[in-house]
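Student: Got a structure here, written out as structure tokens. Questions coming.
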Amino acid sequence: MTSGEVYVAFVDGVHIVRLVGDVRLNLCSALERYLDDILARPDFHQVVVDLSAASGVDSTTLGQIAKIAILAQERFGIRPTVVTPNPDITRLLLSMGFDQVFNLVREPIDTDAEFEQWAAREVSEAQAREQVIDAHKVLMSLNKSNEHAFKELVDSLEADRRDAQSNNS
1 MTSGEVYVAF VDGVHIVRLV GDVRLNLCSA LERYLDDILA RPDFHQVVVD
51 LSAASGVDST TLGQIAKIAI LAQERFGIRP TVVTPNPDIT RLLLSMGFDQ
101 VFNLVREPID TDAEFEQWAA REVSEAQARE QVIDAHKVLM SLNKSNEHAF
151 KELVDSLEAD RRDAQSNNS
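The sequence shown begins at 1 in the UniProt record's numbering and counts up by one.
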């Protein structure tokens, strides 16, 4: 699989986040930074997450994508769109409950948008752990199946965090 990349564009009031290749935890800092940026902007009207060129997405990435929907609904009353023409990725999104919080479009989008690569920043082990915990808590909030699937992981990571904090005290 091709290692992942995050590209972004802004066209006619719509922020487009295009994930390319195999998108994993190592790109989550870039994704999180961009999402925080666009959700704080006064010109935020809509966001489209384009997974047309994604060959894979891990659960941490899915949690960050789900966070978009939750915050966009809470802050702006909108339901974002995920473009997902890959049947395997679509099945994964449906199993995670994404159809409950996103408009899912199964055809690639045609856009003349000029995309720029959004680079990941180095993050510490503690920061990465927090991103994983937060992302999985978002997934857990979508449905009981996700809650059951990720509870052990989150509990384990939170225990690791407590251990690290007590070792640093």
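Glycine is no exception: its CB is placed at the ideal position from the N, C-alpha and C atoms. Here the structure is a predicted model, which is why all the values come from computation and not from measurement.
Suppose the cutoff is 6 Å on Cβ atoms and the five residues either side in sequence are ignored; what does the same chain contact list for Ser52 look like?
Tutor: Excluding residues within five positions, the ones whose Cβ falls inside 6 Å are Val83, Pro85, Pro108.
Student: For Val123, which beta-bridge partners are listed by DSSP?
Tutor: Answer is none; Val123 lacks a bridge partner.
Student: Do Val14 and Tyr34 have their CB atoms nearer than 8 Å?
Tutor: Not closer than 8 Å, so no.
Student: Name the one or two DSSP bridge partners that Arg18 has.
Tutor: Paired residues: Tyr7, Asp50.
Student: Taking DSSP's pairing of strands, which residues face Gln117 in a bridge?
Tutor: DSSP output for Gln117 lists Tyr7 as bridge partner(s).
Student: Quick one: residues in its chain with C-beta nearer than 6 Å to the C-beta of Val57, no 5 flanking neighbours on either side, listed in chain order?
Tutor: Excluding positions up to five away in sequence, the list reads Val23.
Student: Would you call the region 117–130 and the region 89–101 touching, i.e. three or more CB-CB distances under 8 Å?
Tutor: With the cut-off at 8 Å, the region 117–130 and the region 89–101 do not touch.
Student: Which whole-angstrom value describes the C-beta separation of residue 238 and Gly63, a residue pair presumed to lie in contact below a C-beta threshold of 8 Å?
Tutor: A question about residue 238 goes unanswered here, because the residues of the chain that appear run from 1 up to 169.
Student: What does DSSP give as the partner residue(s) for Asn146 in the beta ladder?
Tutor: Asn146 pairs with nothing; no bridge assigned.
Student: DSSP three-state call for Thr90: helix, strand or coil?
Tutor: Thr90 falls in the helix class under three-state DSSP.
Student: Would Ile54 be called buried (16 or more neighbouring beta carbons within 10 Å of its own) or exposed?
Tutor: A small fix is needed here, since residue 54 is Ala in this sequence, not Ile. Classification for Ala54: buried.
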